[in-house]
Amino acid sequence: MTTRAGFVALIGEPNAGKSTLLNAMVGAKVSIVTHKVQTTRARIRGVAMEGQSQIVFVDTPGIFRPRRRLDRAMVNAAWGGAADADMIVLLVEAHRGLTPGVESILEALRGREGKQPVALAINKIDKVKSEELLGLTAKLNEAFEFTKTFMISAERGYGVQDLKEWLAGEMPEGPWLYPEDQIADLPMRMIAAEITREKLTLRLHEELPYQLTVETESWEERKDGSARIDQVIYVARDGHKGIILGKGGETIKAISKAAREEMIEFLDRPVHLFLQVKVRPNWLEEAERYSEMGLDFKDSK
Numbered sequence: 001m002t003t004r005a006g007f008v009a010l011i012g013e014p015n016a017g018k019s020t021l022l023n024a025m026v027g028a029k030v031s032i033v034t035h036k037v038q039t040t041r042a043r044i045r046g047v048a049m050e051g052q053s054q055i056v057f058v059d060t061p062g063i064f065r066p067r068r069r070l071d072r073a074m075v076n077a078a079w080g081g082a083a084d085a086d087m088i089v090l091l092v093e094a095h096r097g098l099t100p101g102v103e104s105i106l107e108a109l110r111g112r113e114g115k116q117p118v119a120l121a122i123n124k125i126d127k128v129k130s131e132e133l134l135g136l137t138a139k140l141n142e143a144f145e146f147t148k149t150f151m152i153s154a155e156r157g158y159g160v161q162d163l164k165e166w167l168a169g170e171m172p173e174g175p176w177l178y179p180e181d182q183i184a185d186l187p188m189r190m191i192a193a194e195i196t197r198e199k200l201t202l203r204l205h206e207e208l209p210y211q212l213t214v215e216t217e218s219w220e221e222r223k224d225g226s227a228r229i230d231q232v233i234y235v236a237r238d239g240h241k242g243i244i245l246g247k248g249g250e251t252i253k254a255i256s257k258a259a260r261e262e263m264i265e266f267l268d269r270p271v272h273l274f275l276q277v278k279v280r281p282n283w284l285e286e287a288e289r290y291s292e293m294g295l296d297f298k299d300s301k
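Numbering (the UniProt record's numbering), first residue to last: 1 to 301.
What follows is the structure, given as structure tokens:
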């Protein structure tokens with residue numbers, strides 16, 4: 001039988017549900033999912049199999065109006081991910097509709113017309129009435145010539161399989177790009193750092209400033225089959241360090257426990273996790289921090 005393989009870039013505004021859709025398509029958690037916007041920093045590739053087709057999803061950071069150096073690097077990474085793909089899927093939130101942010105993405109896509117097909121996925125359809133949905137579909141298809149339109153709920157799984165099967169049929173013919181059982185092409189060190197960053201975000205909610213990053217400093221394979229993982233949480237101010245540590249260190253202990261449990265499940269073996277919090281006032285200006293996040297420092301100018 002003919003095999004197919006190709007890249008699909010998921011683009012959209014922050015919080016449109018790209019990471020949730022990626023995880024649903026791949027069938028495993030490879031991308032950070034929280035209710036905070038702008039949580040995906042690097043282009044995370046998830047690999048999904050459908051019949052004889054291999055679909056490599058590029059989950060790009062949300063496209064928004066950048067204000068800081070890190071924002072600019074993230075937005076450039078998003079468009080870079082779209083440029084490299086065989087197909088683009090634009091996610092739009094059903095209840096938010098044609099926002100100024102979506103309009104600016106459509107404007108940018110018009111400038112790329114003819115480069116690769118763009119499909120529309122209206123997400124979170126469970127949040128609106130069907131007549132609203134039909135009106136939004138018509139409005140979006142008037143604004144841009146989409147190859148195909150899907151109505152989905154990535155969180156609940158509605159319409160996800162239809163989208164996956166269609167994408168599988170659209171992939172170019174050719175050999176698979178990854179082993180059949182591989183679900184992501186991120187190094188394990190980066191996946192481990194993303195897991196810890198997600199737990200920080202979930203635990204600290206609004207208290208947590210965006211000026212933090214997590215790096216896996218060392219990874220030691222032990223003779224008993226377990227892994228020792230040492231990570232550093234970099235923050236910009238002393239005050240942020242106190243928030244992460246919590247009273248008597250209870251916050252960092254809870255974050256460490258949650259992250260370690262998920263790493264054990266993901267790696268399917270024992271994990272010893274050690275976290276440190278370090279203050280680096282200018283980490284947002286350090287090229288090394290960007291490369292650890294899978295971003296290009298040059299893109300942040």
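Heads up, the beta-carbon is just placed ideally off N, CA and C, and yes, glycines get one too.
- In the DSSP assignment, valine 47 is bridged to Val56.
- Residue range 149 to 151 is occupied by the beta strand (DSSP E) that includes methionine 151.
- Around the beta-carbon of methionine 87, 16 or more other beta-carbon atoms lie within 10 Å, marking it buried.
- In this structure, the CA atom of aspartate 230 is about 30 angstroms from the CA atom of valine 56.
- When the alpha-carbon of glutamine 116 is set against those of Val271, Val128 and Ala9, the nearest one is in Ala9.
- Looking from the CA of glycine 17, the closest CA among Arg269, Arg156, Tyr234 and Ser104 belongs to Arg156.
- Rounded to whole angstroms, the separation of the alpha carbons of arginine 269 and arginine 228 is 11 angstroms.
- Residue environment for leucine 134: exposed (fewer than 16 other C-beta atoms within 10 angstroms of its C-beta).
- Ranking Ile105, Ala168, Gln276 and Thr213 by CA distance to the CA of leucine 140 puts Ile105 first.
- Alanine 5 is positioned such that its CB atom lies closer than 9 angstroms to that of leucine 177.
- By DSSP's assignment, glutamate 173 forms a beta bridge with Arg4.
- In this structure, the straight-line span from the alpha carbon of valine 271 to that of asparagine 23 is close to 23 angstroms.
- Scanning its chain for C-beta atoms nearer than 7 angstroms, with the 5 sequence neighbours on each side dropped, one finds around glutamine 52 the residues Met1, Thr2, Thr3 and Arg4, in chain order.
- In the three-state DSSP reduction, glutamate 217 falls in the strand class (E or B).
- The C-beta of asparagine 282 has fewer than 16 other C-beta atoms within 10 Å across all chains shown, which makes the residue exposed.
- In this structure, DSSP gives histidine 240 a helical state, which the three-state scheme calls helix.
- Here DSSP, grouped into helix, strand and coil, assigns glutamine 231 to strand.
- Within the DSSP secondary-structure output, methionine 87 pairs in a beta bridge with Val8.
- Checking the DSSP bridge columns, you'll see lysine 278 partnered with Tyr234.
- Cβ atoms of phenylalanine 7 and valine 89 stay farther apart than 8 angstroms, at about 11 angstroms.
- Annotated three-state conformation of asparagine 123 is strand, per DSSP.
- Take the alpha-carbon of arginine 260 and the one of lysine 164: they are about 31 angstroms apart.
- Valine 26: member of the alpha helix (DSSP H) spanning 18 to 26, first to last residue.
- In terms of Cα proximity to lysine 127, the closest of Leu120, Ser153, Ile244 and Glu50 is Ser153.
- Nearest neighbour of glycine 239 by Cα position, chosen from Gly225, Glu215, Val277 and Ala254, turns out to be Val277.
- According to the DSSP assignment, valine 102 belongs to the alpha helix (DSSP H) that extends over 100 to 110.
- If you draw a 10 Å sphere on the C-beta of valine 118, you find 16 or more other C-beta atoms in it, and that means buried.
- Annotated as proximal: leucine 212 and leucine 200, with beta-carbon spacing under 9 angstroms.
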